[in-house]
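J.: Numbering (UniProt numbering), first residue to last: 1 to 106.
Beta carbons are placed, not taken as given, at the ideal position from N, Cα and C, and that holds for glycine.
This structure is a prediction, so every number in the text was calculated from the model and none was measured.
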């Protein structure tokens, strides 16, 4: 209907909490619906299959920016010497904010 595209059925992306789902309304002539969880691993694998020519169409130079590079696959954790314990009132010691956030992520 005037939006162009490749002619394939495009999924609707739905968010449920922290998860993303792709929903297709018309998988075949029986109007079946299909719903898949888009995990970061799955998105990374899909992005890796994008060719260099398609990167140019998307406005990216594949020498400097690839879609799969936009998914964080490695999270460097600084050593304890960079994030030392904080001295609280008196002699009490506590972990710094960065250590608490890293614990939340991991």
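Would DSSP call residue 103 helix, strand or coil?
T.: Helix.
J.: Could you compute how far the alpha carbon of residue 39 sits from the alpha carbon of residue 89?
T.: Approximately 44 Å, taken between the alpha carbons.
J.: Would you say residue 104 and residue 83 are within 7 Å of each other, going by their C-beta atoms?
T.: Not closer than 7 Å, so no.
J.: Between the beta-carbon of residue 35 and the beta-carbon of residue 23, is there less than 7 Å?
T.: Cβ distance < 7 Å, so residue 35 and residue 23 count as in contact.
J.: Which residue marks the beginning of the beta strand (DSSP E) containing residue 34, and which one marks its end?
T.: That run of the beta strand (DSSP E) goes 34–37.
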